Amino acid sequence: MKRNARIALLLMLAAGLWLALKPTLGNRRFTFLPFRWSEYIDLMDFWLNLGAFGILGMTVWRAFGTLEKAFRSVWLMTGFITLLNILLELIQSSIPGRAMDMADVWAGLFGCVGGIFFGMVLQLLSIRKKTGSKEPQVLFLDQTGRLGGAELMLLDIAAARAADSEVILFQDGEFRTALENVGVKTSVIELGDEASTVDKQAGLKRVLRSIPGILELMLQLMKAARSFDVV
Numbered sequence: 001m002k003r004n005a006r007i008a009l010l011l012m013l014a015a016g017l018w019l020a021l022k023p024t025l026g027n028r029r030f031t032f033l034p035f036r037w038s039e040y041i042d043l044m045d046f047w048l049n050l051g052a053f054g055i056l057g058m059t060v061w062r063a064f065g066t067l068e069k070a071f072r073s074v075w076l077m078t079g080f081i082t083l084l085n086i087l088l089e090l091i092q093s094s095i096p097g098r099a100m101d102m103a104d105v106w107a108g109l110f111g112c113v114g115g116i117f118f119g120m121v122l123q124l125l126s127i128r129k130k131t132g133s134k135e136p137q138v139l140f141l142d143q144t145g146r147l148g149g150a151e152l153m154l155l156d157i158a159a160a161r162a163a164d165s166e167v168i169l170f171q172d173g174e175f176r177t178a179l180e181n182v183g184v185k186t187s188v189i190e191l192g193d194e195a196s197t198v199d200k201q202a203g204l205k206r207v208l209r210s211i212p213g214i215l216e217l218m219l220q221l222m223k224a225a226r227s228f229d230v231v
């Protein structure tokens with residue numbers, strides 16, 4: 001599987017470098033296409049870059065990724081792909097018809113992060129398929145440590161399957177105590193202060209500062225979810 005992914009990665013890099021470094025006529029990047037088609041593709045440039053780097057990120061993970069030390073692997077892969085993207089944008093500034101565009105850098109960053117996580121999900125699904133168990137193991141998630149209506153319903157459900165389930169909370173509180181009192185295995189993965197305070201009114205800077213905490217939480221959840229069939 002990794003061998004095929006590495007071959008696909010080499011082909012993608014070759015095609016991507018050819019498209020990124022070739023001169024263009026005006027705004028026409030794909031000079032071999034009819035003018036209207038090429039013009040439309042230029043207007044969709046951000047989304048095309050997002051999708052392309054998403055596929056690249058997924059392929060890089062499938063080629064080299066491992067769930068052991070996953071957090072370190074994600075940061076290394078994201079950093080390498082982003083540096084490569086910035087280098088290409090700098091080179092493009094000296095190519096006729098091309099110019100450096102920071103929107104392409106952002107599209108590449110978001111796309112590769114999404115692609116890497118999608119690749120991790122595919123890897124987890126593959127592992128689960130190979131190591132199927134007789135009784136489905138269920139992992140429940142809840143974002144609060146307080147006892148509300150939804151938490152009371154989850155308490156009843158988890159208590160009925162205490163032998164083959166576990167609950168992970170993003171905040172500690174009375175809900176954890178109630179779960180443990182009925183024999184449900186419970187753990188807390190704290191969501192950082194930056195991420196937990198983000199709401200609809202949060203500015204871009206607050207959202208960006210919260211990303212590392214969210215990524216770390218996702219990686220911890222994916223690691224914990226490996227031994228469960230349903231999340």
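Per the working numbering, numbering through the sequence shown is continuous, rising by one, with the last residue being 231. We treat Cβ as the ideally placed atom computed from N, Cα and C, and that holds for glycine. Just so you know, these numbers come straight off a predicted model, no measurement behind them.
- request: Return the first residue and the last residue of the beta strand (DSSP E) that T177 is part of.
  value: Position 177 of the sequence shown holds residue 177. For T177, no beta strand (DSSP E) run applies; the uninterrupted alpha helix (DSSP H) run containing it begins and ends at 174-181, by DSSP.
Boundaries of the alpha helix (DSSP H) in which I81 is found, first to last residue: By 1-based counting over the sequence shown, the position of residue 81 is 81. Per DSSP, I81 belongs to the alpha helix (DSSP H) from 70-92.
query: Taking buried to mean at least 16 other C-beta atoms within 10 Å of its own C-beta, is N181 buried or exposed?
result: Counting from one through the sequence shown, the residue named residue 181 turns up at place 181. With fewer than 16 Cβ atoms within 10 Å of its Cβ, N181 is classed as exposed.
- prompt: If you drop the 5 nearest sequence neighbours on each side, which residues of the same chain put their C-beta closer than 8 Å to that of T144?
  reply: Translated into positions along the sequence shown, residue 144 becomes position 144. Taken in chain order, the residues that qualify are E151, L169, F170, Q171, G173, F175.
query: Can you give the beta carbon distance from G65 to G111, rounded, assuming they're within the 8 Å contact cut?
result: As a working note, residue 65 is residue 65 in the sequence shown. As a working note, residue 111 is residue 111 in the sequence shown. With 8 Å as the limit, G65 and G111 do not qualify as a contact, their Cβ atoms being about 16 Å apart.
message: What ranges does the alpha helix (DSSP H) occupy inside the region 99-166, keeping only unbroken runs of at least 4 residues that lie completely in it?
response: If you keep only unbroken alpha helix (DSSP H) runs of at least 4 residues inside the region 99-166, you get 102-130, 149-160.
- prompt: Per DSSP, what kind of secondary structure is I189 in: helix, strand or coil?
  reply: Residue 189 sits at position 189 when you count from the first residue of the sequence shown. Annotated three-state conformation of I189 is coil, per DSSP.
field: Proximity of G115 and G54 at Cβ, strictly below 9 Å
entry: One-based indexing of the sequence shown puts residue 115 at position 115. One-based indexing of the sequence shown puts residue 54 at position 54. It is a contact, given that the beta carbons lie within the stated cut-off.
- prompt: Hey, how far is the Cα of Q232 from the Cα of L191?
  reply: This structure does not reach residue 232, given that the chain is present from 1 up to 231, and the question cannot be answered.
field: Reference F71, options F117, L88, T59, W106, closest by Cα
entry: For the purposes of this step, residue 71 is identified with residue 71 of the sequence shown, where counting begins at 1. Minimum Cα distance to F71 is reached at F117.
message: Mapping the DSSP letters down to three states, classify I95 as helix, strand or coil.
response: Here residue 95 refers to the residue found at position 95 of the sequence shown. Under the three-state reduction of DSSP, I95 is assigned to coil, being neither helix nor strand.
query: Skipping 5 residues on each side, what residues in its chain have a beta carbon closer than 8 Å to that of D142?
result: Within the sequence shown, numbered from 1, the residue matching residue 142 stands at position 142. Excluding residues within five positions, the ones whose Cβ falls inside 8 Å are A150, E151, L154, V167, I168, L169, F170, F175.
task: Assign S73 to one of two classes, buried (16 or more other C-beta atoms within 10 Å of its C-beta) or exposed (fewer than that).
output: One-based indexing of the sequence shown puts residue 73 at position 73. Under this definition S73 is a buried residue.
Backbone CA spacing between L124 and R226 [nearest angstrom]: As a working mapping, residue 124 is identified with position 124 in the sequence shown. As a working mapping, residue 226 is identified with position 226 in the sequence shown. Roughly 6 Å between the two C-alpha positions.
Distance between F228 and L139 (C-alpha atoms, nearest Å): As a working mapping, residue 139 is identified with position 139 in the sequence shown. As a working mapping, residue 228 is identified with position 228 in the sequence shown. Each residue's CA atom was taken as its position, placing L139 and F228 some 6 Å apart.
query: How many angstroms separate the CA atom of L217 from the CA atom of P23?
result: What you label residue 217 is simply residue 217 of the sequence shown in a count that begins at 1. What you label residue 23 is simply residue 23 of the sequence shown in a count that begins at 1. Approximately 43 Å, taken between the alpha carbons.
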